[in-house]
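Visitor: Protein chains in written order, with the numbering used here: chain A, 3 to 321; chain B, 1279 to 1589. Don't be surprised by glycine CBs; every beta carbon is placed ideally from N, CA and C.
#1: Taking residue 1287 of chain B as part of the beta strand (DSSP E), name the residues at either end of that continuous run.
#2: Mind checking if residue 262 of chain A is an interface residue toward chain B, Cβ cutoff 8 Å exclusive?
#3: Can you pull the chain A residues whose beta carbon is under 9 Å from the beta carbon of residue 1317 of chain B, in chain order?
#4: Residues in its own chain within less than 7 Å of residue 1464 of chain B by CB, not counting five upstream and five downstream?
#5: At a CB-CB cut-off below 8 Å, which residues of chain B make contact with residue 252 of chain A?
#6: Can you give me, in chain order, the residues of the segment 233-248 of chain A that have a beta carbon less than 8 Å from any beta carbon in chain B?
#7: If you measure beta-carbon to beta-carbon, which residues of the segment 80-93 of chain A are closer than 8 Å to chain B?
#8: Could you spell out where the beta strand (DSSP E) holding residue 1348 of chain B opens and where it closes?
#9: My output table needs one value for residue 99 of chain A: the three-state DSSP class, helix, strand or coil.
#10: For residue 63 of chain A, count the other beta carbons within 10 Å of its own beta carbon; 16 or more makes it buried, fewer makes it exposed. Which is it?
#11: Taking only beta-carbon atoms, is residue 224 of chain A less than 8 Å away from chain B?
#12: Helix, strand or coil, according to DSSP, for residue 277 of chain A in the structure here?
#13: Residues of chain B with CB closer than 8 Å to the CB of residue 98 of chain A, please, in chain order.
#14: From residue 280 of chain A to residue 1550 of chain B, what does the alpha carbon distance come to, in whole angstroms?
#15: Using a beta-carbon distance below 8 Å, is residue 1586 of chain B in contact with chain A?
#16: Just the Cα atoms here: how many angstroms apart are residue 91 of chain A and residue 85 of chain A?
#17: Just the C-alpha distance for residue 1301 of chain B and residue 1554 of chain B, rounded to the nearest angstrom, thanks.
#18: Listed in chain order, which residues of the segment 1327-1340 of chain B have Cβ atoms closer than 7 Å to some Cβ of chain A?
#19: Any idea what DSSP makes of residue 297 of chain A, helix, strand or coil?
#20: Less than 8 Å between the beta carbons of residue 231 of chain A and residue 1477 of chain B, yes or no?
#21: Comparing alpha-carbon positions, which option in A/211, A/109, A/96 and A/176 lies nearest residue 282 of chain A?
#22: Around the C-beta of residue 1350 of chain B, are 16 or more other C-beta atoms found within 10 angstroms, so that it is buried, or is it exposed?
#23: Please state the DSSP three-state secondary structure of residue 1423 of chain B.
#24: Let me know the secondary structure DSSP gives residue 66 of chain A once reduced to three states.
#25: Note the first and the last residue of the continuous alpha helix (DSSP H) segment covering residue 50 of chain A.
#26: For a test of the three-state rule: what should DSSP assign to residue 1336 of chain B, helix, strand or coil?
#27: From which residue to which residue does the alpha helix (DSSP H) around residue 1447 of chain B run?
#28: Are the Cβ atoms of residue 1469 of chain B and residue 1382 of chain B separated by less than 8 Å?
#29: Enumerated in chain order, which unbroken segments of the alpha helix (DSSP H) with a length of 4 residues or greater are wholly contained in the segment 1475-1542 of chain B?
#30: Got a sec: is the Cβ-Cβ distance from residue 1395 of chain B to anything in chain A below 8 Å?
#31: Should residue 102 of chain A be flagged as near chain B, meaning a C-beta pair shorter than 8 Å?
#32: Please confirm if the segment 218-232 of chain A is in contact with the segment 1381-1397 of chain B, defined as three or more CB-CB distances below 8 Å between the two stretches.
#33: Can we count residue 1583 of chain B as close to the ligand GTP, meaning its CB is less than 7 Å from some heavy atom?
#34: Give me the chain B residues within the contact set of residue 213 of chain A, using Cβ-Cβ distance strictly less than 7 Å, ordered along the chain.
#35: Checking contacts by CB at 8 Å: is residue 1515 of chain B closer than that to chain A?
#36: Would residue 1483 of chain B pass as an interface residue toward chain A - the criterion being a Cβ-Cβ separation below 8 Å?
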C-alpha cells in the first residue's frame, strides 16, 4: 500500500545508514576510517532527504500531513468532488450538487449569500474596532477620534464597518424582495420566511444600536428620536395610550428599560454597546444557523423550478 | 434652483445608501419582472398547447435532453460565491477609501440637531410621525409590518409561482408587495432623506433649506368639522368613522380579491381565518396612504379623538 506507508514503500529503518552504521566499535582506533564512514553515512542520508523532498514536492497529496488535513482523496472523480464539499466543515452546508439553472446570477441575485459575507466582514471589522473602543461616556468620542487619526488603518476600519452595515441592510431588503418575487416562501419554506423576517428585524436593530456608539450628535439625536417612540408604547410607555392608567412614569416604562435611565446617557451607551457587540450578534447568528439549515432541509434553493400551470392546481382538502 | 443645497443633501455620506437605493431598487425590480414576463410568455404558450406542456422542460433556460439537471457545487457554485465575495470586498474597500463615515460634534443634549433624523432605514417610520401619533407610527405600525410579513406565507393560498418568477400567476400578491415595499417603504425613506428639511418641513429638491421658515397649518380634527364637541360624542363619532373606513376598505378589498376568475379560485382555497387575517393587514396597510391623503387634501389631524389616544 504505497499511499499509506512511507514515500516509496521502503521502511524507514532500512535506509542508507546500513552501510556505515557499524563504524562505531569494531574497527577501533582507525580514526580516518571512522570519519570517512560517518561522511559516507551523512552523504547517503542527504541523498535520501533530497529524494524524499522531491517526492513530496511532486505529489504533496500523498503525504500523511496532507491526508490528515483534508481527510479524503481529491482526484478527478465526481465522488471526490462531492466529498470535497461534503467533508469540509465550512462548505458542508452546500449540497453536493445543485439545480443547473440556480448557479446563474439572475435567479437569486446572490443577495442572501452576499448578506452573510458582509455580516462576516462586519464581525471581523467590529471585533478589531472593539480593541480601540471603550463604551464609556468620557472616552467613547475620543476613542473614535483616536481611531480616525492615530490607529493604523483605523479610519478604513471604521468606514468599512459603517458602509458594510448600510450595505447589509440594503442587501437584506433586496434578498427579501427576490424571495417574494420568486414565491420562495411557499410550501415547504413558510417557516424559513418567518425566520428571515426576524433576521431582517435583527439586522435593523444591529445597525440601530451601533448608531449611538460614536457618541456624536448624529447618533445621540437619532437614538433620542428612536427611543422617544418607545415612550408612546401602548400600555408600556408613560406617554402611550393607557400607559398612565397602568402607572407608567418616565422612570419605570419600557423606554427606561431600553436606555437604563430616563435620558440617553452613560447607561444607554453601555446598553447599546452590549446589545450591539454581544447579545444581538449571538441571537442573529443562532437564527442564521437555523435559516441556512432550513434552506437545506426544505429541499435546497427554491428554483428556478419548472413552471406550474393554472390547469394543474389541485384542490385542497377541506377540513 | 439651489443646486448647492441639493448637492449638500445628496453628497452627505449617510445619504449615499439612499442614492444607491434609488438605483438598485428600480434595477432589481426590472431585473425580476423581466424574468417574470419571460416565464409568463412560456406559461401562456404551454397553457395553449397541452401536448407541448407534457414534454417541455418548463423553463426559459435552455435545456437539451441528455444534459444533467444538476451540476456539482464544486466548482460551479463555489467559484461564483468566491467571485462574489471578492467583488463585494472590492466594492466595500473602494467605498470605504473614498468616503468617510460621518462623525459630528460630540453628543450634546442641550443642542438639538435640526432636522434631527433617524438612521435612513427608519426614516419611513419617522415620516409616518407626520400623519400619526407616535404610538401608531413608532410602535403599532412597525409591529404590524413585522407580523404582517411573517404571516404572508400562511395567508397566500396561491400554489402557483413557487420557485420561479411570474407576474400573471400572482398579480395580487406581487402588486401588494411592490406597493408595500416600493411605494410605502422605499419612497417614504427617499422623502425622509431628500425632501424633509429643518422642522421636518417639506422642501422640494433644489430649494434652499430655510431654517426660519414657518408654516401655519390649520389642522383640524374631523369631529370639530362636523361640530361635535362633547367628549363622549367625539369618542362615538370617531369610532363610527373608523369603523366605516374598515367596512368600506374591507368591501373594496373583497372586490379586488374576487375580481378575476383566477382570484376567485384562490379565494375559494382560503379558510375563514386566513381571509380575516389578510383583510385586517390589507386594510391597515391601506390606512397609511388614506390618512396621508386625508391630511394633505383636507388638513385633518385626528379622526378619532379620545382622552386616551388619538387616531
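Guide: Taking the geometry as given:
#1: The sequence position of residue 1287 of chain B within the second chain is 9, counting from 1. Unbroken run through residue 1287 of chain B is the alpha helix (DSSP H), 1281-1288; no beta strand (DSSP E).
#2: For the purposes of this step, residue 262 of chain A is identified with residue 260 of the first chain, where counting begins at 1. It does not; no Cβ of chain B falls within 8 Å.
#3: Taking the second chain and counting its residues from 1, one reaches residue 1317 of chain B at position 39. Residues of chain A passing the Cβ test: 306 and 309.
#4: Taking the first residue of the second chain as position 1, residue 1464 of chain B is located at position 186. Close CB contacts of residue 1464 of chain B within its chain, under the 7 Å cut and outside five residues either way in sequence, are with 1299 and 1303 (chain order).
#5: Counting from one through the first chain, the residue named residue 252 of chain A turns up at place 250. The premise fails here: residue 252 of chain A is roughly 15 Å from chain B at the closest Cβ pair, so nothing lies under 8 Å.
#6: Within the segment 233-248 of chain A, the qualifying residues are 233, 234, 235, 236, 239, 241, 242, 243, 244 and 247.
#7: Sequence-ordered contacts of the segment 80-93 of chain A with chain B read 80, 83, 84, 86, 87 and 93 [C-beta pairs closer than 8 Å].
#8: Mapped onto the second chain, residue 1348 of chain B falls at position 70. Counting along the chain, the beta strand (DSSP E) containing residue 1348 of chain B begins and ends at 1348-1350.
#9: Counted from its first residue, the first chain places residue 99 of chain A at position 97. In the structure shown, residue 99 of chain A sits in a strand (DSSP, three-state: E or B).
#10: Reading the first chain from its first residue, position 61 is the one you call residue 63 of chain A. Around the CB of residue 63 of chain A, fewer than 16 other CB atoms lie within 10 Å, so the residue is classed as exposed.
#11: The residue labelled residue 224 of chain A in the question sits at position 222 within the first chain. Yes, residue 224 of chain A counts as interfacial toward chain B.
#12: Within the first chain, residue 277 of chain A is the residue found at index 275, counting from 1. Residue state, collapsed to three classes: helix.
#13: By one-based count along the first chain, residue 98 of chain A stands at place 96. What residue 98 of chain A touches in chain B: 1350 and 1351.
#14: In the first chain, the residue the question calls residue 280 of chain A occupies position 278. In the second chain, the residue the question calls residue 1550 of chain B occupies position 272. Their Cα atoms are separated by approximately 43 Å.
#15: Taking the second chain and counting its residues from 1, one reaches residue 1586 of chain B at position 308. Yes, its Cβ sits closer than 8 Å to a Cβ of chain A.
#16: The sequence position of residue 91 of chain A within the first chain is 89, counting from 1. The sequence position of residue 85 of chain A within the first chain is 83, counting from 1. About 11 Å.
#17: The residue labelled residue 1301 of chain B in the question sits at position 23 within the second chain. The residue labelled residue 1554 of chain B in the question sits at position 276 within the second chain. Approximately 37 Å, taken between the alpha carbons.
#18: 1331, 1335, 1336, 1337 and 1339
#19: Position 295 of the first chain, counted from the first residue, corresponds to residue 297 of chain A. Secondary structure of residue 297 of chain A (DSSP, three-state): helix.
#20: On the first chain, position 229 is the one that residue 231 of chain A refers to. On the second chain, position 199 is the one that residue 1477 of chain B refers to. Result no, Cβ atoms of residue 231 of chain A and residue 1477 of chain B do not sit closer than 8 Å.
#21: Along the first chain, one-based indexing puts residue 282 of chain A at 280. Answer by Cα proximity: A/211.
#22: By one-based count along the second chain, residue 1350 of chain B stands at place 72. Buried.
#23: Within the second chain, numbered from 1, the residue matching residue 1423 of chain B stands at position 145. In the structure shown, residue 1423 of chain B sits in a helix (DSSP, three-state: H, G or I).
#24: Counting from 1 along the first chain, the entry for residue 66 of chain A is found at position 64. If DSSP states are grouped into helix, strand and coil, residue 66 of chain A belongs with the helices.
#25: To locate residue 50 of chain A, count along the first chain from 1; it is residue 48. 33-60 is the extent of the alpha helix (DSSP H) around residue 50 of chain A.
#26: Position 58 of the second chain, counted from the start, is the residue given in the question as residue 1336 of chain B. Of the three classes helix, strand and coil, the one that applies to residue 1336 of chain B here is coil, per DSSP.
#27: Taking the second chain and counting its residues from 1, the one referred to as residue 1447 of chain B is at position 169. Unbroken run through residue 1447 of chain B: none, as it is neither H nor E.
#28: Sequence index remark: in the second chain, residue 1469 of chain B carries index 191 (1-based). Sequence index remark: in the second chain, residue 1382 of chain B carries index 104 (1-based). Not closer than 8 Å, so no.
#29: 1500-1503 and 1509-1535
#30: For this step, residue 1395 of chain B is matched to residue 117 along the second chain. Yes, residue 1395 of chain B lies at the interface with chain A (some Cβ there is under 8 Å from its Cβ).
#31: The sequence position of residue 102 of chain A within the first chain is 100, counting from 1. Cβ-Cβ to chain B under 8 Å: yes for residue 102 of chain A.
#32: yes
#33: Although the ligand GTP was asked about, the structure shown includes no ligands whatsoever.
#34: In the first chain, residue 213 of chain A corresponds to position 211, counting from 1. 1397, listed in chain order.
#35: The residue labelled residue 1515 of chain B in the question sits at position 237 within the second chain. Among the CB atoms of chain A, none fall inside 8 Å of the CB of residue 1515 of chain B.
#36: Here residue 1483 of chain B refers to the residue found at position 205 when the second chain is read from its first residue. No, residue 1483 of chain B lies away from the interface with chain A (no Cβ there is under 8 Å from its Cβ).
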